[in-house]
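To start, the structure itself, in structure tokens.
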Amino acid sequence: MADVDVYYDTEYDILVDSEEEDQIYEVVAGNPLYRTEHQVRTLQRKLPLEGHVALLDYGCAKSSTIRMLATLSPGIVPHLYDVSSRYIPFWEKFTHPAHWAVNSPKPEWDSYFDVVTSFFSLEHIPTPARTMREIARLLKPGGHFYAIVPNVATNVADLVVVDHCNHFSATSLTRLVSDAGLELLEIDANAHRGAFVVVAMKPRALPAPAALDPAKVGHVRAELAGIAAFWDKAASRVRDYEASIGGDAAIYGAGFYGAFIATSLSNPSIISCHIDQNPYLQGQTFDGKPVIAPDDLPTDVSSILVGLNPAHARKIISEVAVLRERDLDYFFL
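When you read off a place in the sequence shown, starting at 1, and then add 16, the result is the number in our numbering.
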């Protein structure tokens with residue numbers, strides 16, 4: 017990728033069709049919980065947000081999380097930064113032009129912010145160490161840094177998504193935060209499925225640098241070797257299952273894992289549709305196939321290839337009531 021900033025400014029088309037468009041975090045009792053709402057709830061649990069809070073969302077895209085948060089916490093004064101100007105139509109709905117910046121943060125923002133947030137942006141930035149030093153510079157002493165980044169160990173897609181140029185472990189995050197001069201308060205691997213939630217603070221005096229534990233580094237290397245082995249065999253496993261399909265099939269999922277399955281097939285024409293519970297995707301096409309709700313699955317489909325995070329796929333499928341009523345054969349990555 018020759019110029020990352022140009023790519024994100026002109027070609028990156030994730031969730032840009034409307035203000036409301038969002039990804040499903042999970043489905044609870046048949047009702048979708050969207051990622052934005054979950055991120056807001058998690059942030060509110062993790063950080064004190066009382067009184068006046070000057071907040072910068074770094075690498076913000078639409079900044080739907082901070083937009084929702086600001087409606088719930090009137091003391092928050094949102095500021096926005098991204099390398100792309102294409103999100104300005106979203107920003108101007110909830111903050112003033114003086115409170116956003118494109119391409120580089122404003123000089124007057126140094127040591128200004130009580131909170132700097134970063135939601136799934138650090139994995140896209142080729143210079144994470146430099147970025148973290150910049151974030152530390154933007155925080156006032158005592159200010160908090162709050163980030164969510166993919167956990168490659170619990171969301172194996174992170175390792176092969178083409179525009180994810182960084183892959184994080186708890187060990188690497190500890191070092192990244194420390195090298196930026198921030199004090200790490202928490203790395204939570206459970207609060208957000210498939211991701212780490214990171215909380216740090218800018219201390220009034222520089223903390224001691226974090227020491228690397230060789231045993232932890234060895235553990236990360238072993239985890240990555242296992243993930244690489246998974247992807248090495250994944251496409252051939254899809255084709256082996258494809259050879260056993262006797263009729264029409266569907267792919268469950270219209271995201272990364274669904275796309276991987278579709279592109280791994282020898283004969284994609286056996287797929288009649290993609291199934292997805294996200295109403296923002298239903299009615300659209302994905303890889304030339306219609307995206308439908310589970311209730312609309314054609315009766316002649318007998319096999320479903322499940323394109324979901326393998327760590328959660330079986331549980332998710334088991335909770336789709338309409339599929340339990342059908343005699344279907346499943347393939348899981």
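Note that the Cβ used here is the ideal one computed from N, Cα and C, for glycine as well.
All values derive from a computational prediction rather than experimental measurement.
By the DSSP assignment, the alpha helix (DSSP H) with residue i in it spans what residues?
| i | result |
| --- | --- |
| serine 334 | 329-334 |
| threonine 190 | 186-195 |
| glutamate 150 | 144-154 |
| threonine 315 | Per DSSP, threonine 315 belongs to no alpha helix (DSSP H) and is neither H nor E. |
| leucine 240 | 230-258 |
| alanine 207 | Careful: alanine 207 lies outside any alpha helix (DSSP H) and carries neither H nor E. |
| alanine 278 | 272-280 |
| valine 338 | 337-340 |
Roughly how many angstroms lie between the CA atoms of residue i and residue j, to the nearest whole one?
| i | j | result |
| --- | --- | --- |
| alanine 329 | phenylalanine 212 | 19 Å |
| aspartate 312 | glycine 274 | 18 Å |
| alanine 337 | tyrosine 296 | 20 Å |
| valine 32 | aspartate 98 | Model confidence at valine 32 stands at a pLDDT of 47, short of 50, so the residue's coordinates are unreliable and nothing is read from them. |
| threonine 52 | isoleucine 164 | 12 Å |
| arginine 340 | serine 334 | 7 Å |
| aspartate 25 | arginine 342 | Note that aspartate 25 scores a pLDDT of 49, beneath 50, so its modelled location is shaky and nothing firm can be said. |
| asparagine 167 | phenylalanine 135 | 13 Å |
| valine 131 | leucine 192 | 18 Å |
| leucine 228 | glycine 197 | 16 Å |
| arginine 153 | alanine 70 | 14 Å |
| alanine 49 | alanine 77 | At residue 49 the sequence reads leucine, which differs from the alanine that was named. Looking at the two C-alpha atoms, the distance is approximately 20 Å. |
| proline 284 | histidine 235 | 38 Å |
| phenylalanine 347 | aspartate 195 | 44 Å |
| alanine 186 | alanine 169 | 10 Å |
| histidine 112 | glutamine 39 | 27 Å |
| threonine 190 | arginine 146 | 15 Å |
| methionine 17 | alanine 270 | Residue confidence for methionine 17 is low, a pLDDT of 44 falling below 50, so the modelled location carries little weight; the figure read from the coordinates is stated next. Straight-line Cα distance between these residues: approximately 25 Å. |
| glutamate 108 | isoleucine 203 | 33 Å |
| methionine 84 | alanine 259 | 47 Å |
| isoleucine 151 | serine 137 | 13 Å |
| glutamate 42 | phenylalanine 106 | 25 Å |
| cysteine 289 | alanine 205 | 34 Å |
| histidine 54 | valine 178 | 26 Å |
| methionine 148 | serine 120 | 14 Å |
| leucine 63 | glycine 75 | 19 Å |
| glycine 263 | asparagine 294 | 26 Å |
| valine 322 | glutamate 199 | 41 Å |
| tyrosine 103 | phenylalanine 110 | 12 Å |
| isoleucine 332 | proline 142 | 33 Å |
| alanine 244 | isoleucine 261 | 27 Å |
| serine 282 | valine 254 | 9 Å |
| serine 188 | threonine 315 | 48 Å |
Measure how close the beta-carbons of residue i and residue j come, nearest whole angstrom, since I'm counting them as under 8 Å.
| i | j | result |
| --- | --- | --- |
| alanine 278 | aspartate 256 | No, alanine 278 and aspartate 256 are not in contact; Cβ-Cβ is about 16 Å, not under 8 Å. |
| leucine 65 | serine 89 | 5 Å |
| leucine 349 | tyrosine 268 | Contact doesn't hold; Cβ gap of about 11 Å is too wide. |
| isoleucine 320 | leucine 344 | 6 Å |
| proline 306 | arginine 220 | With 8 Å as the limit, proline 306 and arginine 220 do not qualify as a contact, their Cβ atoms being about 57 Å apart. |
| proline 159 | phenylalanine 129 | As written in the sequence, residue 159 is glycine, which differs from the proline given in the question. Correct: roughly 6 Å between the Cβ atoms. |
| alanine 265 | valine 214 | Not a contact, Cβ separation roughly 40 Å. |
| isoleucine 286 | proline 310 | Not really, about 19 Å apart at Cβ, beyond 8 Å. |
| alanine 364 | phenylalanine 161 | An answer regarding residue 364 cannot be provided, because it is not within the stretch 17 to 349 covered by the chain. |
| alanine 45 | glycine 210 | At roughly 21 Å, the Cβ-Cβ gap does not stay under 8 Å, so alanine 45 and glycine 210 are not in contact. |
The ligand GTP heavy atoms versus the CB of residue i: any closer than 8 Å?
| i | result |
| --- | --- |
| arginine 102 | Here there are no bound small molecules, and the ligand GTP is not part of this structure. |
Quick one: give me the first and last residue of the beta strand (DSSP E) that residue i is part of.
| i | result |
| --- | --- |
| tyrosine 426 | Residue 426 lies beyond the stretch modelled for the chain, which goes from 17 to 349, so this question has no answer here. |
| leucine 222 | Premise fails: leucine 222 is in no beta strand (DSSP E) and is neither H nor E. |
| tyrosine 97 | 92-98 |
| cysteine 289 | 287-291 |
| lysine 305 | 305-308 |
| isoleucine 267 | 264-268 |
Identify, in the order they occur along the chain, each residue of the same chain with its Cβ nearer than 8 Å to the Cβ of residue i, setting aside the five sequence neighbours on each side.
| i | result |
| --- | --- |
| tryptophan 247 | Val172, Leu175 and Val176 |
| histidine 180 | Glu139, His140, Pro166 and Asp174 |
| histidine 115 | Val93, Pro94, His95 and Leu96 |
| proline 230 | none |
| proline 144 | Leu138, Asn182 and Leu192 |
| valine 56 | Thr81, Met84, Leu85 and Leu88 |
| leucine 222 | Gly197 |
| proline 225 | Ser194 and Asp195 |
Could you name the residues of the same chain whose beta carbon sits closer than 6 Å to that of residue i, not counting the 5 residues immediately before and after it, in chain order?
| i | result |
| --- | --- |
| tyrosine 28 | Unreliable placement is indicated for tyrosine 28, whose pLDDT of 49 sits below 50; no coordinate value is reported for it. |
| aspartate 73 | Ser79, Ile82, Leu96 and Thr133 |
| alanine 251 | Ser280 |
| aspartate 126 | Arg153 |
| serine 34 | Residue confidence for serine 34 is low, a pLDDT of 44 falling below 50, so the modelled location carries little weight; the figure read from the coordinates is stated next. Cβ neighbours of serine 34 beyond the five flanking positions: none. |
| valine 118 | Ser101 |
| glutamate 239 | Ala169 |
| glycine 67 | Gly91 |
| lysine 232 | Thr187 |
Return the chain-ordered list of same chain residues with a C-beta closer than 7 Å to the C-beta of residue i, the five sequence neighbours on each side being excluded.
| i | result |
| --- | --- |
| threonine 58 | Ala207, His208 and Val213 |
| threonine 301 | Val307 |
3 or more residues per run - each beta strand (DSSP E) lying fully within the segment 43-85: 47-50 and 69-74, all fully within the segment 43-85.
Segments assigned alpha helix (DSSP H), at least 4 residues, entirely inside the segment 97-130: 104-107
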